[in-house]
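Step one of this worksheet: look at the structure below.
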Amino acid sequence: MTIRLRDGVEITLSDGTRVVCDADDPDGDVAVVTHAHGDHLPDGELTAVCSPLTAALGTARREDPLHRTTDDRVTLIPAGHVAGSRVALVTDPDGTRYCYTGDTSPRSRDYLDGFDPAAAGDVDVLVTESTYGAPGYEFPPHDAVVKEILTWLAETDAPVLLFGYALGRAQTLQRLAARAGRRVLTTQAVLRVNDPITDQLGVSFDVTEYDSATHDLGPDDALVLPLTSARADWIDTLRDQTGALAAGFSGWAVKDSFRFRGDYDAVFPLSDHADFAELCSLVEALDPARVYTQHGETTTLATHLTRRGYDATALRPGQSTLGEF
Numbered sequence: 000m001t002i003r004l005r006d007g008v009e010i011t012l013s014d015g016t017r018v019v020c021d022a023d024d025p026d027g028d029v030a031v032v033t034h035a036h037g038d039h040l041p042d043g044e045l046t047a048v049c050s051p052l053t054a055a056l057g058t059a060r061r062e063d064p065l066h067r068t069t070d071d072r073v074t075l076i077p078a079g080h081v082a083g084s085r086v087a088l089v090t091d092p093d094g095t096r097y098c099y100t101g102d103t104s105p106r107s108r109d110y111l112d113g114f115d116p117a118a119a120g121d122v123d124v125l126v127t128e129s130t131y132g133a134p135g136y137e138f139p140p141h142d143a144v145v146k147e148i149l150t151w152l153a154e155t156d157a158p159v160l161l162f163g164y165a166l167g168r169a170q171t172l173q174r175l176a177a178r179a180g181r182r183v184l185t186t187q188a189v190l191r192v193n194d195p196i197t198d199q200l201g202v203s204f205d206v207t208e209y210d211s212a213t214h215d216l217g218p219d220d221a222l223v224l225p226l227t228s229a230r231a232d233w234i235d236t237l238r239d240q241t242g243a244l245a246a247g248f249s250g251w252a253v254k255d256s257f258r259f260r261g262d263y264d265a266v267f268p269l270s271d272h273a274d275f276a277e278l279c280s281l282v283e284a285l286d287p288a289r290v291y292t293q294h295g296e297t298t299t300l301a302t303h304l305t306r307r308g309y310d311a312t313a314l315r316p317g318q319s320t321l322g323e324f
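First residue of the sequence shown: 0, per numbering that gives the first Met the number 0; consecutive thereafter.
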């Protein structure tokens, strides 16, 4: 077998079939898209193995549609990362079983079930994300973070700007702000993500589209915005005009630098990823013969796993990794 990090993660099976996961422009025999975040979606129109919700979200977020297909060699199971996200299990004709996690989280929260390693069954080769794959990236329990957010929303006598990724955190923030009794507003970037989630999962969002010309933010309002807009000039103007407080929501919030980079008044470690301890537990639960780390703290996590007795390697672009089972 060969596993390479090129444009996406490429798994070459014993019969020469090339399964390409989360590539910008996949050129293999089978394309897999694990979820609809921008860094996992293709650049153009594509037919790929993915969940029905990922196909709908990918199409909603891009001009070019994402079409869903299936393949007997690829099984998808819930990844626990964002709505529609899946872990891909790839079965080689020789019997070797590969597990490509994409992005994943074991924590169940709101309408999402966390990734359950037991659902993967026996795994020979694991390709795991390592976004937070370094000591120091350990998150408080999800319920504790939610309680802290709700308390801050209840005690803050000002409009609030809540910044999180348009797919994932933004849906959580809309629902938390509504629980706190706030009028919730958001932009088209978030609304077009909400719609497929409501259609396929039945999850409701009590939210109004924000229009700066018609909506004056009051002390009971919460405006949910994509994380990428936090440092936009119009945000600074809005904060000056309304006295709004800005809050950032990410796993990166465990580091002080996140608050200063985003110029936030408050930050909360609300994450859709596994933290360091959870990544280690995932590997332990799956107990593969080989582990490859990619995306994030690849070398740190691979080194830690090697010290714990695993055959672990950090994937690097262009590197070929060979092995036999």
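C-beta atoms are modelled at their ideal positions from N, C-alpha and C, and glycine is treated no differently.
message = Could you compute how far the alpha carbon of S256 sits from the alpha carbon of A165?
response = S256 and A165 have their alpha carbons spaced roughly 22 Å apart.
inquiry  = If you reduce the DSSP assignment to three classes, tell me which class P316 lands in.
reply    = Three-state DSSP puts P316 in a strand.
message = Taking a contact to mean a Cβ-Cβ separation below 8 Å, would you say T58 touches D102 in this structure?
response = Not closer than 8 Å, so no.
request  = Apply the 10 Å Cβ neighbour rule to E62 and answer buried if 16 or more other Cβ atoms are within range, or exposed otherwise.
outcome  = With fewer than 16 other Cβ atoms within 10 Å, it is exposed.
ask   = Excluding five sequence neighbours on each side, which residues of the same chain lie with their C-beta closer than 7 Å to the C-beta of T292?
value = Residues of the same chain with a CB within less than 7 Å of the CB of T292, apart from the 5 flanking positions on each side, are T127, S129, G132, L300, A301, A311, A313 and L314 in chain order.
request  = Determine the burial state of S84: buried for a count of at least 16 other Cβ atoms within 10 Å of its Cβ, exposed for fewer.
outcome  = Buried, since its Cβ has 16 or more Cβ neighbours within 10 Å.
task = Please check the pair L216 and P158, which I expect to be a contact at CB under 8 Å, by giving their CB distance rounded to whole angstroms.
result = That belief holds up - the Cβ atoms of L216 and P158 are roughly 4 Å apart, short of 8 Å.
task = Would you kindly work out how many angstroms separate the C-alpha atoms of P372 and G15, rounded to a whole number?
result = Nothing in the structure corresponds to residue 372, since the chain is present only between 0 and 324.
ask   = If you pair each beta-carbon of the stretch 40-56 with each one of the stretch 66-80, do three or more pairs fall below 8 Å?
value = Yes: at least three Cβ pairs fall under 8 Å.
A82 beta carbon less than 8 Å from that of L52 = Yes. Within cutoff.
key: Residue closest to Y263, alpha-carbon to alpha-carbon, out of E277, A246 and L269   = Closest option to Y263, Cα to Cα, is A246.
key: According to DSSP, residues forming a beta bridge with A221   = Under the DSSP definition of a beta bridge, A221 partners with V159 and V183.
inquiry  = Please classify G7 as buried or exposed, where buried requires at least 16 neighbouring CB atoms within 10 angstroms.
reply    = When all chains shown are included, G7 counts as buried.
message = Rounding to the nearest angstrom, what Cα-Cα distance links G180 and L244 in this structure?
response = If I take the Cα positions, the gap works out to 17 Å.
inquiry  = Mapping the DSSP letters down to three states, classify T299 as helix, strand or coil.
reply    = T299: helix per DSSP, three-state reduction.
query = What residues in its chain sit with their C-beta under 8 Å from that of D198, if we drop five residues either side in the sequence?
reply = Correct list, in chain order: A55.
message = Can you tell me whether T53 is helix, strand or coil according to DSSP?
response = Looking at T53 - three-state DSSP - the assignment turns out to be helix.
ask   = At which residues does the alpha helix (DSSP H) containing F259 begin and terminate?
value = From DSSP, the alpha helix (DSSP H) with F259 extends over D255 to G261.
key: N-terminal and C-terminal residue of the beta strand (DSSP E) that R108 is part of   = Looking at the DSSP string, R108 is not in any beta strand (DSSP E), and its letter there is neither H nor E.
query = Under three-state DSSP, which class holds V3?
reply = Just to set this straight, residue 3 is Arg in the shown sequence, not Val. Taken through DSSP and simplified to helix, strand or coil, R3 comes out as strand.
message = Let me check you understand the geometry: is the CB of L4 closer than 7 Å to at least one non-hydrogen atom of the ligand HEM?
response = For the ligand HEM, the structure offers nothing, since it holds no ligand at all.
key: Contact the stretch 217-224 vs the stretch 173-190: 3+ CB pairs below 8 Å   = Here the stretch 217-224 makes contact with the stretch 173-190; the two share three or more CB pairs at distances below 8 Å.
request  = Using a threshold of 8 Å, state whether the C-beta atoms of A119 and L88 are closer than that.
outcome  = Against a cut-off of 8 Å, the Cβ pair of L88 and A119 comes out as a contact.
message = At the level of alpha carbons, what is the spacing between S249 and R5?
response = Whole-angstrom Cα-Cα distance: 28 Å.
Straight-line Cα distance separating P268 from G163 = Computed Cα separation, rounded: 11 Å.
Neighbour-count burial assignment, Q240, 16 or more Cβ in a 10 Å radius = Q240 comes out exposed.
ask   = What are the boundary residues of the alpha helix (DSSP H) that includes T103?
value = Premise fails: T103 is in no alpha helix (DSSP H) and is neither H nor E.
request  = Starting from the N-terminal side, write out each stretch of the beta strand (DSSP E) that is 3 residues or longer and does not extend beyond the stretch 16-90.
outcome  = The qualifying runs are 17-20, 29-31, 45-48, 65-68, 73-77 and 85-90.
task = Give a yes or no on whether the C-beta atoms belonging to C98 and V122 are separated by under 8 Å.
result = Yes; because the gap between Cβ atoms is below 8 Å, this pair is in contact.
key: Assigned secondary structure, G308 (DSSP; H/G/I helix, E/B strand, else coil)   = Of the three classes helix, strand and coil, the one that applies to G308 here is coil, per DSSP.
inquiry  = Bridge partners for G247 per DSSP, in chain order?
reply    = Per DSSP, F162 and V266.
ask   = Between L40 and the rest of its own chain, which residues show a CB-CB distance below 6 Å, the 5 nearest in sequence each way excluded?
value = These residues qualify, in order along the chain: G57.
request  = Look at the Cβ atom of V290, then the Cβ atom of L172, and state whether they are nearer than 8 Å.
outcome  = For the 8 Å CB-CB criterion, V290 and L172 do not form a contact.
request  = Might you give, ordered along the chain, the residues of its own chain that have their beta carbon closer than 6 Å to the beta carbon of T305, omitting 5 neighbours on each side?
outcome  = Within its own chain, the residues whose Cβ lies closer than 6 Å to the Cβ of T305, once the five positions on either side in sequence are excluded, are A311, listed in chain order.
inquiry  = Pop quiz: S13 and D93 are said to be a contact at Cβ under 8 Å. What is the actual Cβ separation, rounded to whole angstroms?
reply    = With a contact defined as Cβ atoms closer than 8 Å, S13 and D93 qualify at about 4 Å.
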